[in-house]
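Sequence order for the protein chains is A and B. Residues in the first sequence are numbered from 549 upward in steps of one, following this note's numbering. Residues in the second sequence are numbered from 549 upward in steps of one, following this note's numbering. Where a beta carbon is used, it is the ideal one built from N, C-alpha and C, also for glycine. No experiment lies behind these values; they were computed from the predicted model shown. Below is one structure, written out as structure tokens; the observations come after it.
There are 2 protein chains.
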Amino acid sequence: MADVISAQDNGNTRSDHPLSEQETVALIELMFFAYRDFVSDPDGILGQFGFGRAHHRVLHFVGRDPGMTVQQLLDILQITKQSLGRVLKELIDKGYVFQKEGETDRRQRLLYLTEAGEELRQRLMGPQMNRIRRAVALPEGNAAHLYRKVLYHMVSPANREAVRDWIDRASLLGEQKDGG
Amino acid sequence: MADVISAQDNGNTRSDHPLSEQETVALIELMFFAYRDFVSDPDGILGQFGFGRAHHRVLHFVGRDPGMTVQQLLDILQITKQSLGRVLKELIDKGYVFQKEGETDRRQRLLYLTEAGEELRQRLMGPQMNRIRRAVALPEGNAAHLYRKVLYHMVSPANREAVRDWIDRASLLGEQKDGG
DNA sequence: AAATTACGTCAGCCATGTTGACATATTTAA
DNA sequence: TTAAATATGTCAACATGGCTGACGTAATTT
Chain A
549 MADVISAQDN GNTRSDHPLS EQETVALIEL MFFAYRDFVS DPDGILGQFG FGRAHHRVLH
609 FVGRDPGMTV QQLLDILQIT KQSLGRVLKE LIDKGYVFQK EGETDRRQRL LYLTEAGEEL
669 RQRLMGPQMN RIRRAVALPE GNAAHLYRKV LYHMVSPANR EAVRDWIDRA SLLGEQKDGG
Chain B
549 MADVISAQDN GNTRSDHPLS EQETVALIEL MFFAYRDFVS DPDGILGQFG FGRAHHRVLH
609 FVGRDPGMTV QQLLDILQIT KQSLGRVLKE LIDKGYVFQK EGETDRRQRL LYLTEAGEEL
669 RQRLMGPQMN RIRRAVALPE GNAAHLYRKV LYHMVSPANR EAVRDWIDRA SLLGEQKDGG
């Protein structure tokens, strides 16, 4: 299916009705809250293994593209090889990742997950998949409103009241400041 | 207006057509790429001031709710007071934030932005507002597709080709693995 | 008068990012 | 075929921003 993002866009999209300031700020804040909670489940699991978010990223992307080179991984993560080196070494030492010499280019150390690595990757991905599916399972609406609802539903249920309260109050404060 | 998230939902939303695995994983990855780029503009500006992301969060939320207490800020950021203490002290020392003794409760140190603080806050928020507005200015579609497009457009234009390539290739790999 | 609360601070630890320098094996180009 | 570039690894040092634990002070509540 390869249902990608759909080609015809180069960052120059227009609209006659840009979002209001308050709407936009609310989305900025939802981005913060949503991302915070989005990574919280994996963080909890990783802690039990003595790993961190950086390990998660490596596990995830290597699992998605087995046999990728170190350089490809660096390009995707956009970190330095020294940063990667630390976590990669730990993942290899603990038996979650292994390397194979490249066949056409023997300088390369192609990256693969072990069975334990793939298991852990799936376990980390589970809660995030649930979260996304729950968030996206929503009735239609206009783009901004929908996006806002989606992000809101990325926030953990336990945190939603606090987030909603904040967004409500902050929106009111913002309207007062700018005079509506 | 206070157009909040809309009340009637407690995290138990259902759908007959949950997202496919590949769709869902693509969204997980877009969340990563989008957030990474979303914070990159502020990060650049902050660097010029000797500040980091933590300072940005404080500036943002204090600016949104002037006179908030330290405890309220801690509740929103969900970090420890020791972590906050460091950045807050720097912001105060450099003249971007100031504190006022609470009137009803003189133990409280209410938080406010100075003029310089508000200026910096606006400057940091600008690129993020642009990014959100650009991302949300899109034609309609179904919820998942729309959300995906929105997140995609949160990625910096310079990174979109790489992100698109990754998502395309990884989706194909995933379909092959699971057999379509 | 005692307990709690709001806040500040000191000290140290951890994870994960950075730069810079250097080494080794392999491939590519002159 | 030698020289240059590439892919990777590693050492060392540093910064940011989380964390825990302990302790102190002023103000409020019980």
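- When DSSP states are grouped into helix, strand and coil, glutamine 647 of chain A belongs to the strand group.
- At a C-beta separation below 7 Å, threonine 572 of chain A has these neighbours in chain B: Met677, Ile680, Arg681.
- The bridge partners DSSP lists for methionine 616 of chain B are B/Leu659.
- Annotation for arginine 669 of chain B: Leu607, His608, Gly611, Leu661 place their beta carbon closer than 7 Å to its own, counting only its chain and skipping 5 residues before and after.
- Between proline 675 of chain B and aspartate 589 of chain B, the C-beta spacing is below 7 Å.
- For isoleucine 576 of chain A, the enclosing alpha helix (DSSP H) starts and ends at 569-586.
- Here arginine 682 of chain B is actually not in contact with isoleucine 593 of chain B; their C-beta atoms are around 18 Å apart, not less than 8 Å.
- Note that the C-beta distance between glycine 665 of chain A and tyrosine 644 of chain A is below 7 Å.
- Neighbours of aspartate 613 of chain A in chain B, taken as residues whose beta carbon is under 9 Å from its own, are Trp714, Arg717, Ala718, Leu721 in chain order.
- Not a single C-beta of chain A is nearer than 7 Å to the C-beta of proline 590 of chain B.
- When C-beta atoms of the region 708-724 of chain B are compared with those of the region 569-582 of chain B, three or more pairs fall below 8 Å, so the two segments count as touching.
- Under the three-state reduction of DSSP, lysine 642 of chain A is assigned to coil, being neither helix nor strand.
- Here the alpha carbons of proline 566 of chain A and methionine 677 of chain B stand approximately 10 Å from one another.
- Residues of chain B with a Cβ closer than 8 Å to the Cβ of leucine 694 of chain A are, in chain order, Ala691, Leu694, Tyr695.
- Our two residues, proline 614 of chain A and arginine 657 of chain A, have alpha carbons roughly 12 Å apart in a direct line.
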